[in-house]
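Residue numbers (the working numbering): 3 to 269.
Here's the structure, in structure tokens; my notes come after.
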């Protein structure tokens, strides 16, 4: 466990050095946040009454997306790992006296955490101070806030486990382009990043319900706003744990199988 905690700490500290890039990203995320909220305001202005989510809940959903973008986007990647696989430098990784899956998982986790730590708090603080209807509503109770934090952390673990399949696939395809495109498009849509899942047609909601993506975005953000009640939130956290165990086990199995078939050529 110590090597993995060490690489997590080192990568986290390294990622926290990029403060100027974080400021640029914060400005960009506010820009997109306002645009998306304006689109939803126009939709709610002309939509029939009785929508499955209120405008305040959707606005909270959008600001949480922007604040925790680094934790929930599948297109965020570590090009160093891709280069290791495609150039043969994976041989150096295989010489390490540690589990390759756990080592890479710790690196990817630290990359996302460091990026989110620099960006999330400024966005959340300013969003709380905005006038209505652009402000970020507080959670309805302390319990909802605690459940949101637990769901967000577990969602991050699930997302990193999903992203590991992109790197594993490169052992076969030798190019990350196709895997990144497929995972990003499917992941963004079925996680609720394009539109919240309750606003989708019922048949699409059923498909999203059987995939792991919704547990990384839609579920924790709706727990925050209280749109998912406490009992259902506890059930959802249990489902996150199940998906995490399944994805970790399957990912480790596939990576070990890919590594055993790997041939590194050249000097």
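Every residue, glycine too, gets a C-beta built ideally from N, C-alpha and C.
Every value quoted in this text rests on a predicted model; they were computed, and no experiment measured them.
Asked: Reduced DSSP category for residue 50 - H, G, I as helix; E, B as strand; rest coil; Found: coil
Asked: Backbone secondary structure at residue 228 - three-state DSSP; Found: coil
Asked: Nearest-angstrom beta carbon gap, residue 28 and residue 121 [assumed within contact, 8 Å]; Found: 6 Å
Asked: Delimiting residues of the alpha helix (DSSP H) encompassing residue 155; Found: 144-175
Asked: Three-way DSSP call (helix, strand, coil) for residue 199 in this model; Found: helix
Asked: Beta-carbon spacing of residue 222, residue 154 below 8 Å; Found: yes
Asked: Residue 262 classed as buried or exposed, judged by whether at least 16 other C-beta atoms fall within 10 angstroms; Found: exposed
Asked: Close-in-space but distant-in-sequence residues of the same chain around residue 64 (CB under 8 Å, 5 per side omitted); Found: 35, 38, 39, 42
Asked: Presumed contact (8 Å Cβ cut-off) between residue 76 and residue 190, rounded CB distance; Found: 7 Å
Asked: Given 8 Å, three or more beta-carbon pairs between the region 141-151 and the region 220-235; Found: yes
Asked: Reduced DSSP category for residue 75 - H, G, I as helix; E, B as strand; rest coil; Found: coil
Asked: Cutoff 8 Å; reference residue 246; Cβ partners in own chain excluding five residues on either side; Found: 156, 159, 160, 163
Asked: Classification of residue 274 by the beta-carbon crowding that lies within 10 angstroms, buried from 16 upward; Found: Not covered by the structure: residue 274. The range shown for the chain is 3 to 269.
Asked: Inter-stretch contact (C-beta, 8 Å, three-pair minimum) for the region 206-216 and the region 180-198; Found: yes
Asked: Proximal residues to residue 72 (C-beta, below 7 Å), its chain only, five neighbours per side dropped; Found: 78, 114, 117, 118, 121
Asked: Through-space distance from residue 152 to residue 22, alpha-carbon basis; Found: 30 Å
Asked: Any chain B beta carbon closer than 8 Å to residue 236; Found: This model lacks chain B altogether, as it is built from one protein chain only.
Asked: Endpoints, alpha helix (DSSP H) assigned at residue 2; Found: The shown model of the chain, from 3 to 269, leaves out residue 2, and the question about it has no answer.
Asked: Helix, strand or coil at residue 269 [DSSP, three-state]; Found: With a pLDDT of only 48 at residue 269, under the threshold of 50, the placement of this residue in the model should not be trusted; the figure read from the coordinates follows. Note: residue 269 maps to coil in three-state DSSP.
Asked: Beta-carbon proximity of residue 83 to residue 169, cut-off 8 Å; Found: yes
Asked: Residue nearest to residue 70 in terms of C-alpha spacing, selected from 242, 220, 87, 260; Found: 220
Asked: Whole-angstrom distance between residue 235 and residue 53, CA atom to CA atom; Found: 21 Å
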